[in-house]
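Only one structure is covered here, and it is reproduced in the block below.
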Amino acid sequence: MAAQLIDGKATALEIRAEIAQRVEELRGRGIVPGLAVILVGEDPASQIYVRNKGIACEKAGMRSLTLRLPAETTQAELEDRIRELNADSGIHGILVQLPLPGHLDERRALGVIDPKKDVDGFHPINAGRLLAGEKCAVPCTPRGVMELLRRTGLELQGKEAVVIGRSNIVGKPMALLLLQAGCTVTVCHSKTRDLAAHTRRADILVAAVGRAGFVTADMVKEGAAVIDVGINRVDGKVVGDVAFDEVWEKAGFITPVPGGVGPMTIAMLLKNTLEAAGE
Ligand code: GUN
């Protein structure tokens, strides 16, 4: 039987409409949630992501500020700009688009963001809070995945969840959120031996590898929920980490690319910004 498609695009639009309504209420009380995005350099993919974030922000009725800094920006200059935004009471959320050019220290820069304005949840304080199960800004992509899983109605408690990828942005926080939801979690990565032996046991399989079509049908358990976080460009087309055409006949639920997790990342960024503004 073919999988049920998880429509991230429609879900994200629903959530964005709810957020827009709450922004309107906040504006009625004199608060305009503001998000600042810093982009250093000219990475083409980052430019598209940053533009989309700004548009989404404005559509939700929020204030959007995009700082485009030259690729030669120094660490001190970048940190100064972040400190200025920390001190700006009209800005509730700050996001430094990653990756940064190679000469810049990503971890140091993220550590300068005021944890209260850290809408990506990448500051070590927020990462630590997530680890401890405390209230914090949750990284947008894993938060979006959890929202999609929740809306399938699947019981997560006691399920086998396998995450492929161990990045700070997706893999690690994803594993923590699934653990919090009561899943038995396995994190696989490039050094994992016999990857398919792990993935075949997964009731919930999250692919965050960055390689087009990496997850094939033989790696998937019949009826599994397959969540594809990958955004890969192949011959001008955007495709995920999952070989959708073959996996969708085997899975119980599956997210498409595009139109799955991607739109949810932006919706969760708006949600984190709204919450940082006092919701
Ligand atoms: N680059 C790719 N994904 C992300 C993200 O979620 N946040 C930031 N800041 N940069 C990214």
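With the first letter of the sequence shown counted as 1, position 185 gets the number 184 in numbering that gives the first Met the number 0; the numbers rise by one all the way through.
We put the CB at the ideal spot given by N, CA and C, even for glycine.
Do Q46 and ligand 1 come close, with the Cβ less than 6 Å from some heavy atom?
-> Here residue 46 refers to the residue found at position 47 when the sequence shown is read from its first residue. No - ligand 1 has no heavy atom lying nearer than 6 Å to the Cβ of Q46.
Reference P114; option with closest CA among G92, G132, A216 and G164 = What you label residue 114 is simply residue 115 of the sequence shown in a count that begins at 1. The candidate whose alpha carbon is nearest that of P114 is G92.
For the alpha helix (DSSP H) that D79 lies in, which residues bound it at each end?
-> Along the sequence shown, one-based indexing puts residue 79 at 80. Start and end: Q74 to A86.
Residues near S189 in its chain [Cβ-Cβ closer than 8 Å; skip 5 each side] | Locating residue 189 in the sequence shown gives position 190, where the first residue counts as 1. Around S189: no qualifying Cβ.
Do L94 and ligand 1 come close, with the Cβ less than 6 Å from some heavy atom?
-> Residue numbering aside, residue 94 sits at position 95 when the sequence shown is read from its first letter. Yes; taking the cut-off as 6 Å, the Cβ of L94 has a heavy atom of ligand 1 nearer than that.
Whole-angstrom Cβ separation of A35 and L64, contact assumed at under 8 Å?
-> Here the question's residue 35 lines up with position 36 in the sequence shown. Here the question's residue 64 lines up with position 65 in the sequence shown. The pair is a contact, with the Cβ atoms about 4 Å apart (cut-off 8 Å).
Could you tell me whether the region 205 to 213 touches the region 229 to 236, using the rule of 3 or more Cβ pairs below 8 Å?
-> yes
Report the three-state DSSP secondary structure of F243 (helix, strand or coil).
-> As a first step, residue 243 must be located in the sequence shown, where it is residue number 244. Helix, per DSSP.
Touch check for the region 250 to 270 and the region 69 to 84: three-plus C-beta pairs under 8 Å?
-> no
DSSP on I163, reduced to helix/strand/coil?
-> On the sequence shown, residue 163 is found 164 positions in, with the first residue counted as 1. Strand, per DSSP.
What whole-angstrom Cβ distance do V39 and L68 have, given they're in contact under 8 Å?
-> Residue mapping note: residue 39 aligns to position 40 of the sequence shown, counting from 1. Residue mapping note: residue 68 aligns to position 69 of the sequence shown, counting from 1. Indeed they touch by this definition, with Cβ atoms about 5 Å apart.
Return the first residue and the last residue of the alpha helix (DSSP H) that K236 is part of.
-> For the purposes of this step, residue 236 is taken as residue 237 along the sequence shown, with counting starting at 1. From DSSP, K236 is part of no alpha helix (DSSP H) but of the beta strand (DSSP E) over K236 to V238.
Buried or exposed: where does A160 fall if 16 or more other Cβ atoms within 10 Å of its Cβ makes it buried?
-> Indexing the sequence shown from 1 puts residue 160 at position 161. Looking at its Cβ environment, which holds 16 or more other Cβ atoms inside 10 Å, A160 is buried.
So V205 is in the beta strand (DSSP E); what residue range does that whole segment cover?
-> Working through the sequence shown from its first residue, we reach residue 205 at position 206. Per DSSP, V205 belongs to the beta strand (DSSP E) from I203 to A206.
Close beta carbons around Q156, own chain, < 6 Å, minus the five adjacent residues each side = The residue given as residue 156 occupies position 157 in the sequence shown. So the list reads G181, once near-sequence residues are dropped.
By DSSP, does D119 sit in helix, in strand, or in coil?
-> Within the sequence shown, the letter at position 120 stands for residue 119. If DSSP states are grouped into helix, strand and coil, D119 belongs with coil.
First and last residue of the beta strand (DSSP E) that includes T65?
-> Along the sequence shown, one-based indexing puts residue 65 at 66. T65 -> beta strand (DSSP E) spans R62 to L68.
Distance between beta carbons of G120 and Q179, contact taken as under 8 Å | Taking the first residue of the sequence shown as position 1, residue 179 is located at position 180. Taking the first residue of the sequence shown as position 1, residue 120 is located at position 121. 14 Å between Cβ atoms; not a contact.
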